[in-house]
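*Asks:* Starting off with a structure, shown below.
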């Protein structure tokens, strides 16, 4: 089984022997890293310092003929060889001092309990085990079962972004840690304070108090990185200390289902357990990514690693430094992907945008007039190519800003101005609540497209435990050989809309299917509600 996993290292299980080189090939294997937990919105740290910290910025492109990391001598990093750079030694030397090892410790309570062995009744060993376990204060129901505190340690990577002592790493490297220690390449060890952490992007910001200014690195612009560009990763794999690996940008905008704002850079630069939180550099020595996860059947690098792009990281880091938490924009919609079938049923030439499956009552979208069934194709002047792009756009927009949202509604394009509010846990919970209210239609038997339909009577509401707020036409049976069954429509689902028009009876549903067929449609868009009232869109074939 292949996993996408964060890869902070547990030194108690790390493999430490060095691999010997054989020609130009090297092999390194490792155990599978543990998946980090948690999906909370943000953690508020200690009160912010009186002075607002300087914002982290993306550095301008290096001038022609030189770069920041090599002091202007472009010859030290020129890449013209047929198979890549002749050497990155000078570049690596400039950057190694800015990359740190991060060790954490956490106290956990472990039950001090020895299980009682199962012995045959009347066994001569019974008395022996009873006496032994009673002395231990546990087992066989005797004595108090105390818990012994133990310390669990882990290792990861990080990098300095401000010479005053600001360090960036992954949230899963330091999550739940009681103590965080930053180990510098020169052997210095400093205790770190957690300024803030964001679980949704897996970013954490630390502060240490150095006796002299630290060597910091700058962020580059990940949006300018191209597939095939050379990149360099530096980190602390398996607790070995500063390790440099080289690769290319394999892909961009990867979604690995790690969080709601996935937009990873994929690279084949070797990164392993312990590399979590380390930087991914471009060939000018600027950070374009934070190494976070790998896909691997073994737990070791197979050339598929993922980094948080600087375009995402910089905004989050600045907020964590200033507020100790993230403050994201909130639109107040629940969205789903526009599939080929849904696009065809809506008369769209291409599947694009984000389909609004529901709006939060009292939220920004509801106040502005955005409705379920709208397809958001542009937000604040930027196209929305796919559903996963919209949450990032909204989150990165200033709270209180009025933005233009372009929607497709029943084949026509409309621009709606929405004033964003702040995303918080309460608003997020409301957006996902089971009893989310919606503005839908009201409450014979008929069949269409493999669906057996009935009016939503009180008896059927009771039978399927359908909430009183749900209105429409109930599905009482589904032909298992139908396209509707393939789309996972089931008895008890309620059809709220057909082709973006409300329905109140089975005859309404059949009539709208017939009209779509006459119009030359192959599929019809349905808005369905489950028993709790959660909405989803699906497109079913007219011929069933």
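Residue numbers (mature numbering (1 follows the signal peptide of the UniProt record, and there is no 0)): -42 to -1, 1 to 502. Ideal Cβ positions, reconstructed from N, Cα and C, are used throughout, including at glycine.
1) Which runs of the beta strand (DSSP E) spanning at least 3 residues fall entirely within the region 398 to 459, listed in chain order?
2) What number of angstroms, rounded off, separates the C-alpha of residue 302 from the C-alpha of residue 152?
3) Using a threshold of 8 Å, state whether the C-beta atoms of residue 447 and residue 489 are closer than that.
4) Since residue 362 and residue 373 are thought to touch, with beta carbons under 8 Å apart, how far apart are those beta carbons, to the nearest angstrom?
5) Contact between the region 169 to 179 and the region 189 to 208 is defined here as three or more beta-carbon pairs at a separation below 8 Å; is this criterion met?
6) Output yes or no for whether 8 Å exceeds the beta carbon distance between residue 14 and residue 159.
7) Since residue 378 and residue 322 are thought to touch, with beta carbons under 8 Å apart, how far apart are those beta carbons, to the nearest angstrom?
8) Starting from residue 270, follow the beta strand (DSSP E) in both directions and report where the run begins and ends.
9) Specify whether the region 277 to 286 and the region 258 to 267 touch according to this definition: at least 3 beta carbon pairs, one from each stretch, less than 8 Å apart.
10) Does residue 57 have its Cβ less than 8 Å from a Cβ in chain C?
11) Between the alpha carbons of residue 254 and residue 226, how many angstroms are there, rounded?
12) Tell me the DSSP secondary structure of residue 501 in three-state form.
13) Shortest alpha-carbon distance to residue 327 belongs to which of 376, 358, 294?
14) From residue 138 to residue 63, what distance separates their C-alpha atoms?
15) Output the distance between the C-alpha atoms of residue 311 and residue 231, rounded to the nearest integer angstrom.
16) Under 8 Å, with one C-beta from each stretch per pair, do the region 232 to 249 and the region 110 to 125 reach the 3-pair mark?
17) Return the CA-CA distance between residue 433 and residue 316, expressed in angstroms with no decimal places.
18) What do you reckon, are the CB atoms on residue 485 and residue 442 nearer than 8 Å?
19) Return the CA-CA distance between residue 452 and residue 288, expressed in angstroms with no decimal places.
20) Of the residues 478, 57, 346, 435, which one's Cα is nearest the Cα of residue 217?
21) Closer than 7 Å by C-beta to residue 483: which residues in its own chain qualify, once you throw out the five before and the five after it? Chain order, please.
22) Considering only residues of the region 229 to 253, which uninterrupted beta strand (DSSP E) runs meet the minimum length of 3 residues and lie entirely inside it, listed in chain order?
*Replies:* Quick look at the numbers:
1) When DSSP assignments are scanned along the region 398 to 459, the uninterrupted stretches of beta strand (DSSP E) that are 3 or more residues long and fall wholly within it turn out to be 403 to 406, 409 to 413, 431 to 436, 452 to 456.
2) As a working note, residue 302 is residue 344 in the chain shown. As a working note, residue 152 is residue 194 in the chain shown. Taking the straight line from one Cα to the other gives about 50 Å.
3) Taking the chain shown and counting its residues from 1, the one referred to as residue 447 is at position 489. Taking the chain shown and counting its residues from 1, the one referred to as residue 489 is at position 531. No, Cβ-Cβ distance for residue 447 and residue 489 is not below 8 Å.
4) For this step, residue 362 is matched to residue 404 along the chain shown. For this step, residue 373 is matched to residue 415 along the chain shown. Correct: roughly 5 Å between the Cβ atoms.
5) The region 169 to 179 makes no contact with the region 189 to 208, as fewer than three CB pairs between them are under 8 Å.
6) Residue mapping note: residue 14 aligns to position 56 of the chain shown, counting from 1. Residue mapping note: residue 159 aligns to position 201 of the chain shown, counting from 1. Not closer than 8 Å, so no.
7) Here residue 378 is taken as the residue at index 420 of the chain shown, counted from 1. Here residue 322 is taken as the residue at index 364 of the chain shown, counted from 1. For residue 378 against residue 322, the beta-carbon gap comes to about 6 Å, under 8 Å, which counts as contact.
8) To locate residue 270, count along the chain shown from 1; it is residue 312. Careful: residue 270 lies outside any beta strand (DSSP E), inside the alpha helix (DSSP H) at 268 to 281.
9) No: the two stretches stay apart, fewer than three of their Cβ pairs being nearer than 8 Å.
10) In summary, chain C is missing from the structure at hand, where a single protein chain is found.
11) Start at 1 with the first residue of the chain shown, and residue 254 comes out as number 296. Start at 1 with the first residue of the chain shown, and residue 226 comes out as number 268. Those two C-alpha atoms are separated by around 12 Å.
12) The residue given as residue 501 occupies position 543 in the chain shown. Reduced to three states, the DSSP call for residue 501 is coil.
13) Here residue 327 is taken as the residue at index 369 of the chain shown, counted from 1. The residue with the shortest Cα to Cα distance from residue 327 is 376.
14) Position 180 of the chain shown, counted from the start, is the residue given in the question as residue 138. Position 105 of the chain shown, counted from the start, is the residue given in the question as residue 63. Cα to Cα, the separation comes out at about 7 Å.
15) Stepping through the chain shown from its first residue, residue 311 is reached at position 353. Stepping through the chain shown from its first residue, residue 231 is reached at position 273. If you draw a straight line from the Cα of residue 311 to the Cα of residue 231, it is about 36 Å long.
16) The region 232 to 249 is in contact with the region 110 to 125.
17) The count along the chain shown starts at 1 and reaches residue 433 at position 475. The count along the chain shown starts at 1 and reaches residue 316 at position 358. Approximately 21 Å, taken between the alpha carbons.
18) For the purposes of this step, residue 485 is taken as the residue at position 527 of the chain shown. For the purposes of this step, residue 442 is taken as the residue at position 484 of the chain shown. Their beta carbons are not under 8 Å apart, which means residue 485 does not touch residue 442 by this criterion.
19) Mapped onto the chain shown, residue 452 falls at position 494. Mapped onto the chain shown, residue 288 falls at position 330. In a straight line, the C-alpha of residue 452 is about 29 Å away from that of residue 288.
20) Here the question's residue 217 lines up with position 259 in the chain shown. Comparing alpha carbon positions, the residue from 478, 57, 346, 435 closest to residue 217 is 346.
21) Numbered from 1 along the chain shown, position 525 holds the residue referred to as residue 483. The answer, listed in chain order, is 300, 303, 304, 457, 458, 495, 497.
22) As far as the region 229 to 253 is concerned, its whole beta strand (DSSP E) runs of at least 3 residues are 237 to 239.
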